[in-house]
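In what follows, a structure is listed as structure tokens, so that the remarks can point back to it.
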Ligand code: 9GP
């Protein structure tokens, strides 16, 4: 039985829980010091932004204290560290999450209240750090939170882009892009480290040197150099001293100014050179699941791995260990193929600069790196033209050729005479020009390769890299199902539900141990709990409805079923099918009598997400959604029975408002195309029900929460290839309901049909690659099932509770523990709590 405090002792607890006035005073003092001294403002020259800055800087002081203690402890203990290399970290806002991690939110709130500021208003002043596109970048951010919380000695490494993902505005129904000036108002969450910088070389030539004893070595010389300067972003663990670091590199010119050129009167050229260095880290490439072969992107990739390896090696060398210890002290995780150049770069450093033999060096390299693949889409798998690499990184190209040669020799030895296999497995793809297959290089240079959900890891093994599985006899390949941090994605974004769960479980320890959510199952049939649970959901829906109104002027009813699809706009994610389903619903509703209509479940369909700027078809999907919304939302016969809203500029802080408000969320990728998905996990953790395909992590979520609590539909992954094959060779049989929907578009029901012709053509003449027609009937059926289920309020509340209760597995803490134990072989290095 749970211990309960005797009522007469409660005042003692209360007194103890109330923060010491001195503590409040200390916060106010540090706040005012920063406001007046750091930002030179006064009581008569203040606004919410000024108080956000003061609060952030005061919190930053605490973060830096903890960070310093952590670093000193790690230096003393010298544990094996993991380095998580990622071109994207989608951190979102930091103020709220830092307040929670440090356990000081309530006391800060009080301190600010007394000064006349509302913490909620300040939180809204912060600009998102949006250094990522979508799932891959947000996953990196969740993993940093878990690494810190679980006390692992870890570093994140990436690029400090001056411009993060573009801002999306909707103009006349179309996406338009604006630069994201996120650094314009300063960034309290980073520390500029002018003392930590490294040179990075590009181009030049390779000198072959023959020593007196006949040995040959290579020296990479000449070319141009830029400097990588470190910016550190401290990441505090939740309720622990451990505060790790994301080190983001910014490019600066190697020499401040070319005075010779300047004096020659060539001022502009001198400035130009400076600019070209800074360009390297200027902008994040806005493509999700799609590679663009731009030289600047290749420069970004090398720039960041080169600086990172120098930093990791400097840290390693401080301990005076032999090189053979390196893989036992350092583990490097490649987040997708983007940092793969780290493999030839470490090999280059070891043989050219440290004088190790090829074999000794390669042994170290392959024991150090591991690689996560995040996609099976062919257009996302990176290939770089050999001439491009040769020009930019001549020595690396030589090394890649050698890695390939030695690798293919081993393949030949194992499968003698199998030329076709050699062609298939070669890191160098033949053609004009030749290409480097980065995934192959990553596989060959890593000890472990993982996919991000069970189905995806199987597809990698069976469909994408089967030759490699055979060659390595299955030993390299494994699965680590993705996870999300429950700190941000429940505790922070849904405070009412978080408090309620804490109250029901009798403690808040679930925030660090999601296994405990399982105990919520006991309450699934409890009428009082159901009532409170759904009341919280409604509050969150009101919050979203208010937001929608403030941004789009569209009034939506919180009593409708909130059906949400938010993610990058991509053909494989099938937002197109969703809006076609909405049209189908609209046409059906129009045929009903007002009495019949009144019996329908009112539904709000929400979309949000960015399209890559050059992705024509995805941009047309956005236009169609807005055009349909225009008609449906203004149809007086329809009213609240159906509303369609596209919320512009989807980002992390918007997700924090949207996700807690969903009744249903859609994850409807063609089976076998979504590697995992992570927003599916966020929605279900917040008691939302998935309507989705048997794809990615949906499958494992279904296993955990029970198939009664998820609306599955559509073909299975192993059927897709056969259907595509048939689609190619015979006329596609269009689903009749879908035909009706397309007819309505073609009749001009949603504006000029000419606009949508290329989009409709993807289903007709285009061969319907993503099988919308095949899945349409079962999609509509699943939607109808969800309407029926929603009518049963008690049944729905039960489903919703069981959803949250079943999500223990999807904590990023579980994922990170798996990586740490099975792949990185690192252990927690707990920092003694000398500060609180
Ligand atoms: O598309 C995948 C998504 O399914 C997954 O959840 C995410 C994190 O693992 O990675 C995405 N992949 C990419 O963004 C590009 O490889």
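In UniProt numbering, the protein residues as written are 25 to 860.
Even glycine gets a Cβ: it sits at the ideal position worked out from N, Cα and C.
Fair warning: this is a prediction, and the values are worked out from it, not measured in the lab.
Among the candidates the options, whose CA atom is the shortest distance from the CA of residue i?
i           : options            : result
residue 604 : 216, 668, 451, 583 : 668
residue 618 : 675, 63, 662, 651  : 662
residue 420 : 337, 607, 229      : 229
residue 491 : 533, 432, 781, 725 : 432
residue 77  : 209, 571, 345      : 209
residue 690 : 674, 722, 664      : 722
residue 134 : 316, 794, 52, 111  : 52
residue 821 : 688, 518, 495, 207 : 688
residue 636 : 435, 191, 47, 70   : 191
residue 182 : 271, 214, 163      : 271
residue 793 : 104, 746, 552, 143 : 746
residue 638 : 144, 316, 295, 540 : 316
residue 178 : 844, 70, 83        : 844
residue 466 : 160, 391, 730, 105 : 391
residue 413 : 318, 81, 223, 222  : 318
residue 529 : 773, 547, 520      : 547
residue 50  : 83, 304, 652, 384  : 83
residue 522 : 829, 223, 447      : 829
residue 86  : 111, 63, 54        : 54
residue 156 : 440, 381, 58, 592  : 592
residue 300 : 341, 251, 288, 267 : 251
Taking DSSP's pairing of strands, which residues face residue i in a bridge?
i           : result
residue 183 : 273
residue 256 : 215, 271
residue 242 : 232
residue 474 : 396, 502
residue 691 : 716
residue 459 : 409, 453
residue 357 : 108, 394
residue 200 : 193
residue 835 : 508
residue 632 : 590, 671
residue 225 : 249
residue 598 : Its beta-bridge partners do not exist; DSSP assigns none.
residue 113 : 155
For residue i, collect the residues of the same chain with a Cβ closer than 7 Å to its Cβ; drop the 5 residues on either side in sequence, then sort them by chain order.
i           : result
residue 859 : Summary for residue 859: the model assigns pLDDT 44, below 50, so the residue's position carries little reliability, and this model does not support an answer.
residue 457 : 409, 410, 411
residue 695 : 717, 718, 719, 738, 739, 740, 741, 744
residue 378 : 347
residue 234 : 240
residue 423 : 368, 371, 372
Below 8 Å on the Cβ atoms is my guess for residue i versus residue j; work out the distance and round it to an integer in Å.
i           : j           : result
residue 670 : residue 631 : 5 Å
residue 158 : residue 256 : Wrong, their Cβ atoms sit about 25 Å apart, outside the cutoff.
residue 329 : residue 363 : 5 Å
residue 136 : residue 99  : In fact, because the Cβ distance is near 36 Å, the residues do not count as touching under 8 Å.
residue 359 : residue 396 : 6 Å
residue 513 : residue 678 : So it is not a contact: roughly 14 Å between Cβ atoms.
residue 508 : residue 166 : 5 Å
residue 355 : residue 261 : Residue 355 to residue 261, Cβ: 19 Å. No contact.
residue 534 : residue 711 : With 8 Å as the limit, residue 534 and residue 711 do not qualify as a contact, their Cβ atoms being about 14 Å apart.
residue 164 : residue 108 : 7 Å
Could you tell me whether any Cβ in chain C is nearer than 8 Å to the Cβ of residue i?
i           : result
residue 108 : The chain inventory of the structure shown lacks chain C, comprising one protein chain alone.
Short of 6 Å in beta carbon distance, which residues of its chain neighbour residue i, apart from the five on each side in sequence? Order them along the chain.
i           : result
residue 43  : Because residue 43 sits at a pLDDT of 49, beneath the cut-off of 50, its placement in the model cannot be relied upon, and the following sentence gives the value as read from the coordinates. Closer than 6 Å at Cβ, skipping near neighbours: 131.
residue 485 : 493, 501
residue 734 : 714, 726
residue 225 : 247, 249
residue 759 : 797, 800, 801
residue 779 : none
residue 5   : Given that the chain is displayed from residue 25 to residue 860, the structure contains no residue 5 and the question cannot be resolved.
residue 449 : 435, 491
residue 538 : 510, 832, 835
residue 907 : Because the chain here runs from 25 to 860, residue 907 falls outside it and cannot be looked at.
residue 215 : 256
Below 8 Å CB to CB, which residues in the same chain sit around residue i once its five sequence neighbours on both sides are set aside?
i           : result
residue 462 : 361, 364, 405, 406, 407, 408
residue 803 : 601, 605, 692, 737, 738
residue 326 : 224, 226, 365, 369, 416, 417, 420
* Could you name each continuous alpha helix (DSSP H) segment of 4 residues or more that falls completely within the stretch 376-449, going from the start of the chain to the end? => 382-392, 410-416, 418-438, 443-449
* Could I get the ranges of all uninterrupted alpha helix (DSSP H) runs contained in the stretch 126-183, with 4 residues as the minimum, in chain order? => Entirely contained in the stretch 126-183, the alpha helix (DSSP H) runs reaching 4 residues are, in chain order, 129-139, 143-147, 159-173.
* Counting only runs of 3+ residues fully inside the stretch 724-786, write out the beta strand (DSSP E) ranges in chain order. => With a minimum length of 3 residues, the unbroken runs of beta strand (DSSP E) contained wholly in the stretch 724-786 fall at 735-737.
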